[in-house]
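S.K.: The UniProt record's numbering applies: residue 1 is where the sequence shown begins, and numbers increase by one. Think of the CB as a built atom: it goes at the ideal place given N, C-alpha and C, for glycine as much as any other residue. In this text, all values refer to a predicted model and were calculated from it rather than measured experimentally.
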Amino acid sequence: MVLYTGKSILDIANQNNFAIPAFNISDWAMFLGVMDVSEEKDAPVIIAIHPDEVAHITTDLVQAMHARAHRSSVPVAIHWDHGGTYEQMIEAIQSGFTSVMIDASLLPFDENVALTKKVVDAAHAVGVQVEGELGTIGANDSYGESGAAEIIYTNVDDAVRFVEETGVDSLAIAIGTSHGLYPSDKNPELRHDLLEQIKAAVGIPLVLHGGSSNPDAELARAVSLGINKINISSDIKVSYHNRMREILGTDERLREPNAIQPEPIKALKVTAAEKIDLFGATGKAALY
1 MVLYTGKSIL
11 DIANQNNFAI
21 PAFNISDWAM
31 FLGVMDVSEE
41 KDAPVIIAIH
51 PDEVAHITTD
61 LVQAMHARAH
71 RSSVPVAIHW
81 DHGGTYEQMI
91 EAIQSGFTSV
101 MIDASLLPFD
111 ENVALTKKVV
121 DAAHAVGVQV
131 EGELGTIGAN
141 DSYGESGAAE
151 IIYTNVDDAV
161 RFVEETGVDS
171 LAIAIGTSHG
181 LYPSDKNPEL
191 RHDLLEQIKA
201 AVGIPLVLHG
211 GSSNPDAELA
221 RAVSLGINKI
231 NISSDIKVSY
241 HNRMREILGT
251 DERLREPNAI
261 QPEPIKALKV
271 TAAEKIDLFG
281 ATGKAALY
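1. Just the Cα atoms here: how many angstroms apart are GLY96 and GLY210?
2. Compute the distance between the beta-carbons of LYS266 and PRO21, then report whether it is under 7 Å.
3. Please go through the same chain and pick out, in chain order, the residues whose beta-carbon is closer than 6 Å to the beta-carbon of LYS269, but skip the five residues on each side of it.
4. Alpha carbons only, please: which of ARG253, LEU278, ASP27, TYR4 is nearest the one belonging to GLY127?
5. What are the start and end residues of the alpha helix (DSSP H) that includes SER99?
6. Please go through the same chain and pick out, in chain order, the residues whose beta-carbon is closer than 7 Å to the beta-carbon of GLY135, but skip the five residues on each side of it.
7. List the endpoints of the continuous alpha helix (DSSP H) containing GLY33.
8. Kindly indicate which three-state DSSP category LEU208 falls into: helix, strand or coil?
9. Pull up the distance between the alpha-carbon of ALA43 and that of GLN15, whole angstroms please.
10. When burial is assigned at 16 or more other CB atoms within 10 Å of the CB, is ALA64 buried or exposed?
11. What residue range is occupied by the uninterrupted alpha helix (DSSP H) comprising ALA22?
12. What do you reckon, are the CB atoms on PRO205 and LEU10 nearer than 7 Å?
13. The ligand ZN and HIS70: does any heavy atom of the ligand fall closer than 6 Å to the residue's C-beta?
14. Here's a check: name, in chain order, each residue in its chain whose Cβ is nearer than 7 Å to the Cβ of VAL120, leaving out the five neighbours to either side.
15. Decide yes or no for the touch test of the segment 71 to 79 against the segment 39 to 53: beta carbon pairs closer than 8 Å, at least 3 of them.
16. Would you call LEU107 buried or exposed, if buried means 16 or more other Cβ atoms sit within 10 Å of its Cβ?
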């Protein structure tokens, strides 16, 4: 397989009614775990890295990801998640990301359109595809990928106009999800009716952010109604780091990563595999 752009990898999902997991990674071990489990499940995968994660691992790691992706038996896209500025998007393109997201959802509609179109024009010129966002995702915590304090649901008519005026290849919509982990007193509830209306109106691949902690049945129904990419960050990171805490607690002399990380990677893979199955992506690499 080769590296795919966001459009080419998502178009197949759109045509075949499944969703590709976009797993946010923030270190090399997590990346390898996601790659390995995707190959074991014969599933296409999107490696997502948002600006805080980019700052942590640096763009230097992207070329190593290219090398691993080119050896992969499944389709892979490397995606800059929640880019905030045109300059960040140019950095992403120059660094080797094959897909980018410009998130101007907190700006007024016309400003969101203008910035997104500017990114689309630049990215399409070099074969990189663009995800935009309309409406706002909620926030459960203060981490870098968190969204707005309040969910503003995507308007159907606005979505049609946004896609037409920007030429965006995929669209992240707000139908009731929040970034991060839900507190015990908060239950997510997706607006499947709104999703159905937006999909019928725009037709392009739709993206769901804030997919961690949502009930499986809600996510499965969202996939059946036209979601083609679901971002998963908190769920795999919690599995990874909870197991790491357990391993480190067994022996204070443990210090070598190759003695510490294998079990956390296994835990991450279990959670990632569950998401791959849930989204209907298992076995779908054969479609590419």
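M.R.: If we stick to the structure as given:
1. 25 Å
2. no
3. Closer than 6 Å at the Cβ level, and outside the excluded window around LYS269, lie GLY33, VAL37.
4. Selected option, being the one with the closest Cα: TYR4.
5. SER99 -> not in any alpha helix (DSSP H); beta strand (DSSP E) instead, spanning 99 to 102.
6. Taken in chain order, the residues that qualify are SER105, ILE152, TYR153, THR154, ILE173, ALA174.
7. From DSSP, the alpha helix (DSSP H) with GLY33 extends over 28 to 40.
8. strand
9. Roughly 16 Å separates the two Cα atoms.
10. exposed
11. Unbroken run through ALA22 is the beta strand (DSSP E), 20 to 24; no alpha helix (DSSP H).
12. yes
13. No copy of the ligand ZN appears in this structure; indeed no ligand is present at all.
14. Cβ contact annotation for VAL120 (same chain, cutoff 7 Å, sequence separation greater than five): VAL130, THR166, GLY167, VAL168, in chain order.
15. Yes, they touch.
16. exposed
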